[in-house]
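Each number in our numbering corresponds to the 1-based position in the sequence shown with 19 added.
No residue lacks a Cβ here, since even glycine has one placed at the ideal position from N, Cα and C.
Because the structure is a prediction, the values reported are computed rather than measured.
What follows is a single structure, written as structure tokens, with notes after it.
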Amino acid sequence: MDKKRHMFAVCAYKESEYLERCVKTLCAQTVKSDIIICTSTPNAYIDAIAKKYDIPVYVRDGESDIRDDWNFAYNTADASFVTVAHQDDEYSKHYVEALYEKIDRYVKKYGNTSDIIMFLTDYLPIKAGKRGPRDINCKIRRLLRIPLKSMCLSRCRFVRRMTLSLGNSIVCPSVTYNKDRFGDDIFTSELKFNIDWDTFLKLAQEKGAFLYADKPLTFYRVHDGATSKEFIENHGREIEDTAMFRKFWPKWVVKLIMKFYKKAYDTYD
């Protein structure tokens, strides 16, 4: 059997009230793609949703851990391109369609998919159950990603690094990784909150391209149960944000950036 071109691997944790909504948006894709659910907290709630939508469930043994859970989901998906979907978030029905359009355009221009690092999209926040409008954090991230709209510029390591140098401009659930190129265990960061930002920086330093669809094809849910809010309250985010900025800038510049960057935390107030 030929290897699948793309798969969604949904990371499910405990009994999220948003899991079914996430799954529905994946099932509604205009271009169909296989879906799996991966969890380290197996329960009847997850099983019931999986059964309802005829989706296989894979269980990881051991304590829940973001890096290990994400790697398990990514590794379990047997496809050339893998999207690690988060249970709280939603996707436009055109997500896979846009992914394939970008891949096909790249292949037409550069000859093959081996140089593709990953695909990413614009996004809108979901607050109080409603998609959008863009908040200030969303607008700033979009501005930082402007250079990636050029397929040529997206092949430049310096450009990719700069789009990440003033903050994590990429929303994690919007990303599809080229598993054919990178194999298993793509998440290797020792950070707990900024594992995604650190991973994107690692990948930005590889030869190849980020394929960017400047359309809101991913919807990122902001709610009290979000991991982001937990790390803001325990100051873990501030510590890790500072550590990430130090990978780009001298200490005095980092202090200046953090004075403004912490205002983004207000998104969760």
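Member of the options whose CA lies at the smallest distance from the CA of residue i
{"i": "residue 168", "options": "179, 186, 158", "result": "179"}
{"i": "residue 150", "options": "185, 269, 108", "result": "108"}
{"i": "residue 163", "options": "147, 154, 184, 143", "result": "184"}
{"i": "residue 33", "options": "63, 219, 27, 42", "result": "63"}
{"i": "residue 219", "options": "26, 279, 139, 55", "result": "139"}
{"i": "residue 71", "options": "132, 38, 175", "result": "38"}
{"i": "residue 43", "options": "74, 24, 57, 58", "result": "74"}
{"i": "residue 54", "options": "28, 141, 86", "result": "28"}
{"i": "residue 229", "options": "280, 197, 88", "result": "197"}
{"i": "residue 106", "options": "256, 237, 280", "result": "237"}
{"i": "residue 143", "options": "91, 134, 234, 130", "result": "234"}
{"i": "residue 128", "options": "256, 141, 170, 30", "result": "170"}
{"i": "residue 240", "options": "35, 26, 24, 25", "result": "35"}
{"i": "residue 189", "options": "122, 160, 203, 41", "result": "160"}
Exposed unless 16 or more other CB atoms sit within 10 angstroms - verdict on residue i
{"i": "residue 273", "result": "buried"}
{"i": "residue 259", "result": "buried"}
{"i": "residue 277", "result": "exposed"}
{"i": "residue 279", "result": "exposed"}
{"i": "residue 133", "result": "exposed"}
Span separating the alpha-carbon of residue i from that of residue j
{"i": "residue 287", "j": "residue 158", "result": "Any answer about residue 287 is weak, because its pLDDT of 47 lies below 50 and its placement is not dependable; what the coordinates show is given next. Residue 287 and residue 158: Cα-Cα distance of roughly 16 Å."}
{"i": "residue 96", "j": "residue 51", "result": "15 Å"}
{"i": "residue 191", "j": "residue 215", "result": "6 Å"}
{"i": "residue 93", "j": "residue 102", "result": "8 Å"}
{"i": "residue 100", "j": "residue 210", "result": "24 Å"}
{"i": "residue 46", "j": "residue 275", "result": "44 Å"}
{"i": "residue 147", "j": "residue 268", "result": "37 Å"}
{"i": "residue 22", "j": "residue 82", "result": "31 Å"}
{"i": "residue 124", "j": "residue 60", "result": "40 Å"}
{"i": "residue 199", "j": "residue 206", "result": "15 Å"}
{"i": "residue 84", "j": "residue 77", "result": "16 Å"}
{"i": "residue 155", "j": "residue 66", "result": "38 Å"}
{"i": "residue 6", "j": "residue 173", "result": "Only positions 20 to 288 of the chain appear in the structure, and residue 6 is not among them; the question remains open."}
{"i": "residue 231", "j": "residue 187", "result": "15 Å"}
{"i": "residue 98", "j": "residue 104", "result": "14 Å"}
{"i": "residue 145", "j": "residue 152", "result": "8 Å"}
{"i": "residue 57", "j": "residue 88", "result": "8 Å"}
{"i": "residue 110", "j": "residue 261", "result": "31 Å"}
{"i": "residue 137", "j": "residue 194", "result": "7 Å"}
{"i": "residue 282", "j": "residue 256", "result": "12 Å"}
Per-residue DSSP class, three states only, for residue i
{"i": "residue 287", "result": "In this prediction, residue 287 scores a pLDDT of 47, lower than 50, which makes its location untrustworthy; no coordinate-derived value is stated."}
{"i": "residue 46", "result": "helix"}
{"i": "residue 228", "result": "strand"}
{"i": "residue 20", "result": "Reliability fails at residue 20, whose pLDDT of 47 lies under 50, so the model's placement of it is uncertain and the value that follows must be treated cautiously. Three-state DSSP puts residue 20 in coil, outside helix and strand."}
{"i": "residue 193", "result": "helix"}
{"i": "residue 114", "result": "helix"}
{"i": "residue 91", "result": "helix"}
{"i": "residue 266", "result": "coil"}
{"i": "residue 27", "result": "strand"}
{"i": "residue 63", "result": "helix"}
{"i": "residue 57", "result": "strand"}
{"i": "residue 235", "result": "strand"}
{"i": "residue 173", "result": "helix"}
Beta carbon proximity, residue i to chain E, threshold 8 Å
{"i": "residue 138", "result": "No chain E is part of this structure, which consists of one protein chain only."}
Indicate whether the contact test is met: 3 or more Cβ pairs, each with one atom in the segment 212-232 and one in the segment 174-189, closer than 8 Å.
The segment 212-232 is in contact with the segment 174-189.
Three CB pairs or more closer than 8 Å across the segment 114-127 and the segment 46-62:
These segments touch.
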